[in-house]
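S.K.: Chains as they are written, first to last, in the working numbering: chain A, 1 to 308; chain B, 309 to 616; chain C, 617 to 924.
My structure is below; once you've seen it, I'll send some questions.
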Amino acid sequence: MKFPQPYTLEEVAGMINARFSGDPGFIITGINEIHMVKPGDITFVDHPKYYDKALTSKATTILINKEVEKPEGKALLISDDPFRDFVILAKKFMPFQSSNKAISETAIIGEGTIIQPGAFIGNHVKIGKNCIIHSNVSIYDHCILRDNVVIHANSVIGADAYYFQRKPEGYRKFESCGRVIIEDDVEIGALCSIDRGVTSDTIIGKGTKFDNQTQVGHDTHIGKNCLIGAQSAIAGVATIEDDVVIWGVVTINKEVVIGKGAVILATAGVDKSLKGGITYFGSPAIEARKKWKELACLRKLPEVFEKL
Amino acid sequence: MKFPQPYTLEEVAGMINARFSGDPGFIITGINEIHMVKPGDITFVDHPKYYDKALTSKATTILINKEVEKPEGKALLISDDPFRDFVILAKKFMPFQSSNKAISETAIIGEGTIIQPGAFIGNHVKIGKNCIIHSNVSIYDHCILRDNVVIHANSVIGADAYYFQRKPEGYRKFESCGRVIIEDDVEIGALCSIDRGVTSDTIIGKGTKFDNQTQVGHDTHIGKNCLIGAQSAIAGVATIEDDVVIWGVVTINKEVVIGKGAVILATAGVDKSLKGGITYFGSPAIEARKKWKELACLRKLPEVFEKL
Amino acid sequence: MKFPQPYTLEEVAGMINARFSGDPGFIITGINEIHMVKPGDITFVDHPKYYDKALTSKATTILINKEVEKPEGKALLISDDPFRDFVILAKKFMPFQSSNKAISETAIIGEGTIIQPGAFIGNHVKIGKNCIIHSNVSIYDHCILRDNVVIHANSVIGADAYYFQRKPEGYRKFESCGRVIIEDDVEIGALCSIDRGVTSDTIIGKGTKFDNQTQVGHDTHIGKNCLIGAQSAIAGVATIEDDVVIWGVVTINKEVVIGKGAVILATAGVDKSLKGGITYFGSPAIEARKKWKELACLRKLPEVFEKL
Chain A
1 MKFPQPYTLE EVAGMINARF SGDPGFIITG INEIHMVKPG DITFVDHPKY YDKALTSKAT
61 TILINKEVEK PEGKALLISD DPFRDFVILA KKFMPFQSSN KAISETAIIG EGTIIQPGAF
121 IGNHVKIGKN CIIHSNVSIY DHCILRDNVV IHANSVIGAD AYYFQRKPEG YRKFESCGRV
181 IIEDDVEIGA LCSIDRGVTS DTIIGKGTKF DNQTQVGHDT HIGKNCLIGA QSAIAGVATI
241 EDDVVIWGVV TINKEVVIGK GAVILATAGV DKSLKGGITY FGSPAIEARK KWKELACLRK
301 LPEVFEKL
Chain B
309 MKFPQPYTLE EVAGMINARF SGDPGFIITG INEIHMVKPG DITFVDHPKY YDKALTSKAT
369 TILINKEVEK PEGKALLISD DPFRDFVILA KKFMPFQSSN KAISETAIIG EGTIIQPGAF
429 IGNHVKIGKN CIIHSNVSIY DHCILRDNVV IHANSVIGAD AYYFQRKPEG YRKFESCGRV
489 IIEDDVEIGA LCSIDRGVTS DTIIGKGTKF DNQTQVGHDT HIGKNCLIGA QSAIAGVATI
549 EDDVVIWGVV TINKEVVIGK GAVILATAGV DKSLKGGITY FGSPAIEARK KWKELACLRK
609 LPEVFEKL
Chain C
617 MKFPQPYTLE EVAGMINARF SGDPGFIITG INEIHMVKPG DITFVDHPKY YDKALTSKAT
677 TILINKEVEK PEGKALLISD DPFRDFVILA KKFMPFQSSN KAISETAIIG EGTIIQPGAF
737 IGNHVKIGKN CIIHSNVSIY DHCILRDNVV IHANSVIGAD AYYFQRKPEG YRKFESCGRV
797 IIEDDVEIGA LCSIDRGVTS DTIIGKGTKF DNQTQVGHDT HIGKNCLIGA QSAIAGVATI
857 EDDVVIWGVV TINKEVVIGK GAVILATAGV DKSLKGGITY FGSPAIEARK KWKELACLRK
917 LPEVFEKL
């Protein structure tokens with residue numbers, strides 16, 4: 001998330017009562033969690049295991065719970081609870097705003113777009129031209145739909161990321177401040193959910209078509225002209241490259257990359273990244289022809305065991 | 309889909325600027341895609357692999373992209389792009405109509421039927437007597453519900469078929485012009501989606517009961533007194549005969565036939581047609597007792613491998 | 617379900633035209649199905665196989681279709697159709713009430729709670745303080761949400777149990793008269809469904825967090841501080857103890873118990889009870905490290921078969 005204007009290190013430290021290490025006038029332009037950081041961003045880290053990753057990331061300000069050596073050209077914000085303070089900043093700059101109208105007055109709706117009865121369009125949503133938003137769809141604040149997008153009934157665009165941190169007393173929520181961006185010519189089936197990014201964007205590429213009841217986690221990027229079958233679930237921070245075909249009821253793990261043109265057959269469970277141009281099956285998913293061989297062997301196993 | 313009135317071959321050719329082969333006065337009464345054709349129908353074909361199937365189908369007019377020999381007693385419409393022209397006809401006779409009221413004035417609602425707040429009832433929908441349509445349900449145009457039907461909250465009846473054709477520049481949509489028909493005494497759980505037929509009807513038989521979050525694809529026919537467990541997904545153009553019991557989270561492939569009285573256990577994935585009266589399990593689903601034998605062998609495999 | 621006031625055996629027998637065996641003044645305080653009975657309750661039984669279970673349960677009045685010997689300190693209601701008569705009582709004391717407003721006047725909404733547009737709040741619903749009910753959520757009658765609960769868009773709380781009895785002429789519905797109770801600090805994702813109890817309560821424990829598109833069946837109890845991944849389905853009458861972590865697309869069978877702190881990996885299918893503190897995988901789910909061994913062996917099987 002980009003701040004509405006740049007702030008100095010000293011100003012941001014004041015917002016969260018943190019100490020800092022670096023030039024008080026060091027410029028901060030936004031905040032992002034570690035997967036999505038850009039220069040100018042704050043990111044946060046609260047576990048020594050991830051200190052290095054955060055300190056060497058593209059983020060130029062690191063909100064951290066130990067006074068470590070400041071990396072060259074960067075700044076530190078030192079806090080006893082970076083997670084809490086990161087959430088304070090996220091909520092400050094992107095607070096949840098309740099709505100008292102089904103279509104917010106701050107939403108921008110393009111020419112030729114049809115909004116069917118019962119659809120909810122949140123604050124600052126932008127919808128392009130010639131879209132159809134079917135009945136009882138819910139679009140959370142700040143989401144962006146480009147032109148010729150169709151969203152079928154009762155789908156939910158932009159619900160919060162599923163992102164919690166365990167504490168002895170229970171789970172703490174990382175308040176989402178990201179968005180969903182849906183490019184031109186995308187069609188989303190009925191009863192689909194596409195979560196917004198934690199601090200950045202979940203993106204659905206041009207021309208991609210979703211069947212009903214699919215789920216896409218936060219910060220996932222789906223390429224152009226993909227097909228996503230019914231009841232498929234793609235976890236957060238995944239990358240689906242262009243022209244991927246995912247059949248029905250496929251499960252894809254978080255943070256994996258599915259290469260261009262891969263085909264994943266129905267009911268597969270993908271636990272790790274897969275190369276493009278190949279057909280996969282099974283759970284965990286492997287090359288379909290290998291999985292079929294395994295299954296053929298499995299089928300013969302009772303007979304073989306009887307002989308032995 | 310049946311046309312509101314019959315047209316001649318010459319008249320239809322004019323609507324899509326196609327050439328024709330046959331008696332100009334040859335009668336056309338509707339259009340249907342290949343799975344659902346009846347005499348009087350146009351069907352379309354644009355790949356040589358399927359020419360024979362289309363030409364010998366029950367359709368009496370074939371919209372085709374090659375000047376082939378006209379079958380006896382039939383007519384041809386010759387077009388450079390049959391898919392495009394088929395969609396033109398579908399849209400002409402069954403255009404999408406936006407709604408500005410939650411319950412369309414053209415909908416017919418039977419005596420004793422309760423419509424809960426937030427439900428959307430589209431144009432020309434017919435609902436019988438003593439039904440309950442729970443809150444935030446969406447029913448698309450032209451769907452038919454008979455008597456004593458219960459639809460639980462947020463379900464979607466009649467969304468478009470998931471039917472696209474790949475072109476170099478991206479996917480083209482086959483605009484749906486079919487319906488969903490739900491017979492007497494059916495109960496549909498919460499958050500279910502039942503897509504309408506592409507050109508024909510998706511049918512749910514009398515007395516069948518769906519649990520929550522189930523998905524039924526276009527043109528599928530489900531028989532009488534079936535049970536469909538939660539989160540099950542039945543793809544398009546499938547046939548589920550009477551008295552079938554499908555447990556939760558079952559996936560059923562398109563175009564398969566599940567015989568009368570079959571039982572499919574939870575989490576099964578059905579890839580091909582199954583005989584009635586038998587219990588199935590696994591993915592791909594096979595007879596349950598065989599699958600259990602396989603799994604018992606698989607469980608012993610690590611021990612057997614260690615010995616070898 | 618507790619009756620609004622106690623009734624005598626004779627009074628209840630009159631409501632359903634049943635004979636009775638026992639003191640006419642014997643006190644009845646509610647009705648419950650067999651899994652949830654308490655002293656004072658009626659339960660019903662109509663199959664000799666279950667007579668013993670019903671007669672020795674905690675229920676003090678048994679609605680039964682045979683004049684058996686009355687257990688000491690209990691009463692019998694004798695009917696030719698206990699299921700039918702049980703439903704008559706359930707409907708008498710907890711009838712379905714239609715709503716003509718999106719938020720019922722009998723609902724109680726706590727201070728600081730936000731109800732977004734399109735949400736449906738049924739009769740006698742109680743919602744605590746500082747909750748957020750997102751757009752197009754549906755909450756059926758009598759459900760209870762405590763404080764700081766978040767329900768994301770288009771989720772359905774309290775739809776009817778999936779509970780039918782087969783008869784030669786079709787299925788008969790057991791009308792639900794239970795509730796859903798959601799404790800403090802629970803977050804429910806988008807498009808989730810949590811069914812109410814048949815006669816008792818479905819309970820979601822304090823601090824538990826659901827991802828999108830999850831399904832929970834009737835009378836299931838989920839403990840405190842659990843995580844339930846996207847598209848997971850937990851069937852009816854299950855018990856999930858505290859601190860259980862269920863990853864995405866997990867299926868859990870009815871009536872099972874998942875022990876405290878168990879971890880169930882994505883796509884697993886749990887068919888029976890599992891001990892706490894252990895990680896599980898596969899369908900049927902077993903200890904993950906065993907399943908991985910099996911899968912490693914399966915992978916080698918084609919090669920081994922070739923050698924043999």
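Using N, Cα and C, we set each Cβ at its ideal position, and we do this for glycine too.
1. Please identify, using Cβ separations under 8 Å, the residues of the region 857-880 of chain C that lie next to chain B, in order along the chain.
2. Does the Cβ-Cβ distance between I246/A and V216/A come in under 7 Å?
3. Taking Cβ-Cβ distances shorter than 7 Å, what residues in chain A pair up with I730/C?
4. By the three-class DSSP mapping on this structure, what secondary structure does G14/A have?
5. Quick one: list the residues of chain A neighbouring K409/B, beta-carbon separation under 8 Å, in chain order.
6. With distances taken from CA atoms, which of I632/C, P687/C, K669/C is nearest D639/C?
7. Starting from A75/A and walking both ways along the alpha helix (DSSP H), at which residues does that stretch end?
8. Taking beta-carbon pairs under 9 Å, can you tell me which members of the region 324-344 of chain B lie near chain A?
9. What separation, rounded to the nearest whole angstrom, lies between the Cα atoms of A904/C and T337/B?
10. Using a C-beta cutoff of 7 Å, does Y779/C count as contacting chain B?
11. Tell me which same chain residues have a C-beta within less than 6 Å of the C-beta of V458/B, skipping the five on either side of it?
12. Which same chain residues, not among the five before or five after L265/A, have their C-beta less than 7 Å away from its C-beta?
13. Between T510/B and D527/B, how many whole angstroms is the CB-CB distance? I'm expecting something under 8 Å.
14. Return no unless some Cβ of chain D is closer than 7 Å to the Cβ of E602/B.
15. Whose Cβ in chain C lies nearer than 8 Å to the Cβ of F120/A?
16. Let me make sure I understand the geometry here. Which of L705/C, K665/C, E627/C, G641/C has the alpha-carbon closest to that of T659/C?
17. Is the separation between the beta-carbon of I121/A and that of S98/A shorter than 7 Å?
18. Restricting to Cα atoms, I'd like to know which of V796/C, E727/C, C913/C, F921/C is closest to E614/B.
19. Give the interface partners of C913/C over in chain B, defined as CB-CB distance under 7 Å, in chain order.
20. Quick check on DSSP: helix, strand or coil for V765/C?
21. Quick one: using the 10 Å Cβ neighbour count with 16 as the cut-off for buried, is N325/B buried or exposed?
22. With H, G and I counted as helix, E and B as strand and the rest as coil, what does DSSP make of K304/A?
23. Is the Cβ of K517/B closer than 7 Å to any Cβ of chain C?
24. By a C-beta neighbour count over all protein chains shown, 10 Å radius and 16 as the cutoff for buried, is T672/C buried or exposed?
25. So, V860/C versus N462/B, is the Cβ gap smaller than 7 Å?
26. Using the Cα positions of Q621/C and F709/C, report the straight-line distance between them to the nearest angstrom.
27. Within the 7 Å Cβ cut-off, does L807/C reach chain B?
28. What are the residues in the region 169-199 of chain A lying within 9 Å of chain B by C-beta distance?
29. So, M807/C versus L499/B, is the Cβ gap smaller than 7 Å?
30. So is D827/C buried or exposed if we call it buried at 16+ other beta carbons inside 10 Å?
31. Strictly below 7 Å CB to CB, what residues from chain B border S889/C?
32. Quick one: what's F44/A bridged to in DSSP?
33. For P655/C and V578/B, what's the separation of their Cα atoms in angstroms?
34. Assuming K562/B contacts A546/B (C-beta within less than 8 Å), just tell me the rounded distance between them.
35. State the Cα-Cα distance for the pair I262/A and G229/A, rounded to the nearest angstrom.
36. Please tell me whether I269/A has its Cβ less than 7 Å away from any Cβ of chain C.
M.R.: Per the coordinate set shown:
1. If you check each beta-carbon in the region 857-880 of chain C against every beta-carbon of chain B, the ones closer than 8 Å belong to T867, N869.
2. Locating residue 246/A in the first sequence gives position 246, where the first residue counts as 1. Locating residue 216/A in the first sequence gives position 216, where the first residue counts as 1. Not closer than 7 Å, so no.
3. Reading the third sequence from its first residue, position 114 is the one you call residue 730/C. The answer, in chain order, is S98.
4. Here residue 14/A refers to the residue found at position 14 of the first sequence. The answer is helix: DSSP assigns G14/A an H, G or I state.
5. The count along the second sequence starts at 1 and reaches residue 409/B at position 101. Contact annotation for K409/B against chain A: P117 [CB-CB distance below 8 Å, chain order].
6. Here residue 639/C refers to the residue found at position 23 when the third sequence is read from its first residue. Closest option to D639/C, Cα to Cα, is P687/C.
7. Indexing the first sequence from 1 puts residue 75/A at position 75. Boundaries around A75/A are those of the beta strand (DSSP E), 75-78, since no alpha helix (DSSP H) includes it.
8. Per Cβ criterion, the list is empty.
9. Translated into positions along the third sequence, residue 904/C becomes position 288. Translated into positions along the second sequence, residue 337/B becomes position 29. Near 59 Å, if we compare the C-alpha coordinates of T337/B and A904/C.
10. If you number the third sequence from 1, residue 779/C lands on position 163. Not one chain B Cβ lies under 7 Å of Y779/C.
11. To locate residue 458/B, count along the second sequence from 1; it is residue 150. I440, E495.
12. Here residue 265/A is taken as the residue at index 265 of the first sequence, counted from 1. W247, T279, Y280, F281, A288, listed in sequence order.
13. The sequence position of residue 510/B within the second sequence is 202, counting from 1. The sequence position of residue 527/B within the second sequence is 219, counting from 1. About 6 Å separates the two Cβ atoms, so the contact holds.
14. Looking at the structure shown, chain D is missing, and the protein chains on hand are A, B and C.
15. Walking along the first sequence from the start, residue 120/A turns up at place 120. Those within 8 Å of F120/A in chain C are Q732, P733, G734, S751, N752, A769.
16. Here residue 659/C refers to the residue found at position 43 of the third sequence. Nearest Cα to T659/C within the set L705/C, K665/C, E627/C, G641/C: L705/C.
17. Along the first sequence, read from residue 1 onward, the residue named residue 121/A stands at position 121. Along the first sequence, read from residue 1 onward, the residue named residue 98/A stands at position 98. The answer is no: Cβ separation not under 7 Å.
18. The sequence position of residue 614/B within the second sequence is 306, counting from 1. Looking at the Cα atoms, C913/C is the closest of the given residues.
19. Residue numbering aside, residue 913/C sits at position 297 when the third sequence is read from its first letter. Near C913/C (Cβ distances below 7 Å), the residues of chain B are L609, P610, F613.
20. Counting from one through the third sequence, the residue named residue 765/C turns up at place 149. Annotated three-state conformation of V765/C is coil, per DSSP.
21. As a position in the second sequence, residue 325/B is number 17, starting the count at 1. Classification for N325/B: exposed.
22. Counting from one through the first sequence, the residue named residue 304/A turns up at place 304. Rather than Lys, the amino acid found at residue 304/A in this sequence is Val. Helix, per DSSP.
23. As a position in the second sequence, residue 517/B is number 209, starting the count at 1. For K517/B, the answer is yes, since a Cβ of chain C falls inside 7 Å of its Cβ.
24. Along the third sequence, read from residue 1 onward, the residue named residue 672/C stands at position 56. Exposed, since its Cβ has fewer than 16 Cβ neighbours within 10 Å.
25. Walking along the third sequence from the start, residue 860/C turns up at place 244. Walking along the second sequence from the start, residue 462/B turns up at place 154. The answer is no: Cβ separation not under 7 Å.
26. Within the third sequence, residue 621/C is the residue found at index 5, counting from 1. Within the third sequence, residue 709/C is the residue found at index 93, counting from 1. Linking Q621/C to F709/C through their CA atoms gives a straight-line distance of about 10 Å.
27. Locating residue 807/C in the third sequence gives position 191, where the first residue counts as 1. Yes, L807/C counts as interfacial toward chain B.
28. Answer set for the region 169-199 of chain A: D185, E187, G189, A190, L191.
29. Stepping through the third sequence from its first residue, residue 807/C is reached at position 191. Stepping through the second sequence from its first residue, residue 499/B is reached at position 191. One point to set straight first is that residue 807/C is Leu, not Met, in the sequence displayed. Yes, the Cβ-Cβ distance between L807/C and L499/B is below 7 Å.
30. The residue given as residue 827/C occupies position 211 in the third sequence. Buried.
31. On the third sequence, position 273 is the one that residue 889/C refers to. What S889/C touches in chain B: nothing, since even the nearest Cβ is about 16 Å away.
32. Translated into positions along the first sequence, residue 44/A becomes position 44. Residue pairing by DSSP puts F44/A in a beta bridge opposite L63/A.
33. For the purposes of this step, residue 655/C is identified with residue 39 of the third sequence, where counting begins at 1. For the purposes of this step, residue 578/B is identified with residue 270 of the second sequence, where counting begins at 1. When rounded, the separation of the alpha-carbon atoms in P655/C and V578/B is 46 Å.
34. Reading the second sequence from its first residue, position 254 is the one you call residue 562/B. Reading the second sequence from its first residue, position 238 is the one you call residue 546/B. About 6 Å; that satisfies the 8 Å criterion.
35. As a working note, residue 262/A is residue 262 in the first sequence. As a working note, residue 229/A is residue 229 in the first sequence. In the sequence as presented, Ile is not what sits at residue 262/A; that position holds Ala. Per the coordinates, the alpha-carbon of A262/A lies some 14 Å from the alpha-carbon of G229/A.
36. Working through the first sequence from its first residue, we reach residue 269/A at position 269. For the sequence presented, residue 269/A should be read as Gly rather than Ile. With 7 Å as the cut-off, G269/A counts as an interface residue toward chain C.
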